[in-house]
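Q: My questions will all concern the structure given below.
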Amino acid sequence: MPTPLARRIKSLIRLNGPLSVTDYFSLCLADPEHGYYKTRQPFGRTGDFVTAPEVSQLFGEMLGVFMVHAWQRHGLPANVRMVEIGPGRGTMMADMLRVIQRIAAPLYDAMSVHLIETSPLLTETQQKTLAAHEGKISWHESFDDVPAGFLLIAANELFDAIPIRQFVKTPQGFRERVVSLDEDDELIFTAGVAGIDPDLLPPQPERQALGTIFEYSPAREAVMAALCERLQANSGTALIIDYGHMVSGYGDTMQALRMHEYDPVLAHPGEADLTSHVDFESLVKTATANGVHVNGCLHQGDFLYGLGLKERGQALAATATPDQTLAIAEAINRLAGEGAGKMGELFKVLAVSSPALHLLPFRALD
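Read in order, the letters of the sequence shown are residues 106 to 471 in my numbering.
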C-alpha cells in the first residue's frame with residue numbers, strides 16, 4: 106500500500122517527469138502535508154532513531170563544557186547568543202544549560218538561548234523539556250532571525266538531514282540520479298541527463314566502476330556558508346556533529362530509518378527518516394573559503410574523551426547503584442566506542458571560529 110506521499114510523488118513524476126534525488130529527499134522530510142519532520146516525533150525509543158543526547162546526559166554535558174571553554178578563549182564576551190539548530194526534543198540543550206549554570210554562572214546569566222526549529226510538534230516538546238529556563242529561550246524558524254551578538258552555535262545531526270544530489274557513473278560519464286517510475290508504476294532510481302562539473306568529483310573518476318555514486322550537497326555548503334558569514338560578522342564558535350567522512354569520496358550513503366530499522370529508500374516516503382553521510386571535507390573547504398578558522402575535525406569519541414567524558418562518568422558512578430553504574434559504562438561505550446552500533450568513530454565533530462583561536466580538545470594547527 107503506497108504512503109500518501111508516495112501517491113503524491115508518483116503523480117508529480119507522471120506530470121513533470123523524473124524527480125531529482127534532492128527534490129525527493131526534500132519532499133520526504135519537509136512536504137507541508139506528509140513530510141516526515143512535519144508529521145511525527147522521530148526521536149527516542151518510540152521514534153525511528155535515537156540521537157546521542159537521548160543515549161545519555163553525558164553527551165550534552167560535554168558540549169556544555171566545550172561551550173564554556175570557547176566562551177573563555179574568546180575573552181568572556183557579553184551579549185552571548187547560544188544557538189542550537191535542529192534541537193530535537195530539547196534534551197541536549199537542557200543538559201548543556203545545566204552544566205553551564207553550574208560551572209559558569211556568569212555566562213548562563215548573560216546569555217540568551219535561540220532554538221531554530223520548523224516543527225510545531227517538536228517546539229512543543231522542547232518547551233516542556235526546557236521549562237526550567239523559561240524566559241531565557243526564544244524559538245525561530247530561521248537562523249536569520251537570531252539577533253546580532255556573539256555566537257555559540259551547536260548543530261547535532263543537522264547536516265545529514267539536508268538534501269543531497271547524487272550522480273551515477275554511466276558510459277557517458279557521471280549523470281544526475283533521479284527517481285522515476287517503472288512499468289509497474291513503482292518508484293525506481295535511474296540516470297537522468299544532467300551532468301556534473303568534473304572539478305567537483307573526487308580524484309580518479311575514470312577508475313570508478315559503472316554504477317558508482319557520487320554525492321554532492323550545494324544545500325549543505327550554503328548552510329555552512331551562512332553560519333560562517335554570521336560568525337565573521339558577530340564572532341564566535343560553531344560546533345557541528347554528524348555522521349560522515351573526513352575525506353570526500355565515492356559511494357551511496359543515502360539511507361532510510363523506520364522504527365529503528367533500515368528501510369529501502371523508496372519504500373515509505375514520508376514515513377521514514379531520510380539521511381546521508383556528511384562530507385566534512387566539503388564543510389571544511391566551505392568554512393575556509395568564507396574566511397573562518399577551522400579549529401579541527403575529530404572523531405566523536407576523541408572529542409568526548411578529550412573533554413573529560415571518562416572522568417565525568419566516574420564522578421556519576423561514584424554515587425550510583427550497580428545498575429546505574431552499568432548503564433553509565435554502556436552509554437560511554439555507545440557514545441565514544443568504535444564498531445557496530447557505536448558512535449565514537451562514525452560521528453565526526455567539526456569546530457570553526459572567528460576570530461582564529463585554539464580550542465581544546467582540537468590540536469593547534471599552527
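C-beta: ideal position from N, C-alpha, C; glycine also.
Since we're looking at a predicted model, the values are computed, not measured.
In its own chain, which residues sit with a C-beta less than 8 Å from the C-beta of Ser247, not counting the 5 before and 5 after it?
A: Ile221
Q: Look at the Cβ atom of Phe130, then the Cβ atom of Leu440, and state whether they are nearer than 8 Å.
A: no
Q: Looking at the ligand GDP, does it come within less than 7 Å of Ala236, judged from the CB to the closest heavy atom?
A: As presented, the structure is devoid of all ligands, the ligand GDP included, so that no description of it is given.
Q: Is Met198 closer than 8 Å to Ile227 when the C-beta atoms are compared?
A: One detail in the question is off: residue 227 reads as Leu in this sequence, not Ile. Taking 8 Å as the Cβ cut-off, Leu227 and Met198 do not qualify as a contacting pair.
Q: Between Ile433 and Gly418, which are expected to be in contact by the criterion C-beta below 8 Å, what is the C-beta distance as a whole number of angstroms?
A: The beta carbons of Ile433 and Gly418 sit about 5 Å from each other, so the pair counts as a contact at 8 Å.
Q: Does the segment 323–332 come close enough to the segment 384–403 that 3 or more CB-CB pairs lie under 8 Å?
A: yes
Q: Let me know the secondary structure DSSP gives Lys453 once reduced to three states.
A: Note: Lys453 maps to strand in three-state DSSP.
Q: Roughly how many angstroms lie between the CA atoms of Ser285 and Ile208, to the nearest whole one?
A: 55 Å
Q: Could you tell me which residues DSSP puts in a beta bridge with Gly444?
A: Bridge partners of Gly444: none, in fact.
Q: In angstroms with no decimal places, state the Cα-to-Cα distance between Asp471 and Val399.
A: Its pLDDT being 48, under 50, Asp471 is placed unreliably by the model, and nothing is read from it.
Q: What separation, rounded to the nearest whole angstrom, lies between the Cα atoms of Pro268 and Gly191?
A: 15 Å
Q: Taking the alpha-carbon of Ala259 as reference, which of Gly341, Ala445, His373 has the nearest alpha-carbon?
A: Among Gly341, Ala445, His373, the Cα nearest to that of Ala259 is on Gly341.
Q: Quick one: what's Ala343 bridged to in DSSP?
A: Ile258, Val457
Q: Should Leu464 and His174 be called a contact, given that it needs their Cβ atoms to be closer than 8 Å?
A: yes
Q: Does the structure place the segment 304–319 close enough to the segment 248–258 that three or more beta carbon pairs sit under 8 Å?
A: No, the segment 248–258 does not touch the segment 304–319.
Q: Please classify Asp287 as buried or exposed, where buried requires at least 16 neighbouring CB atoms within 10 angstroms.
A: exposed
Q: With DSSP run on the structure shown, which of helix, strand or coil describes Asp302?
A: coil
Q: Once the 5 residues before and after Ile114 are set aside, which same chain residues still bring their CB inside 8 Å of it?
A: Leu124, Tyr129, Leu132, Val284, Leu292, Pro374
Q: So, with DSSP's three-state summary, where would you put Gly149?
A: Confidence in Gly149 is poor, its pLDDT being 45 and thus under 50, which makes the residue's placement too unreliable to answer from.
Q: My understanding is that Thr317 touches Tyr355, with C-beta atoms under 8 Å, so please give their C-beta distance in whole angstroms.
A: 5 Å
Q: Report yes or no: is there a C-beta of chain B within less than 8 Å of the C-beta of Ser381?
A: Any reference to chain B falls outside this structure, which holds one protein chain only.
Q: Hey, Asp289 and Val383 are a contact pair by Cβ (cut 8 Å); roughly how many whole angstroms apart?
A: The Cβ separation is near 34 Å, so there is no contact.
Q: In the DSSP assignment, find the unbroken beta strand (DSSP E) run with Met187 in it and report its ends.
A: Run containing Met187: 185–190, per the beta strand (DSSP E) assignment.
Q: Would Met187 be called buried (16 or more neighbouring beta carbons within 10 Å of its own) or exposed?
A: buried
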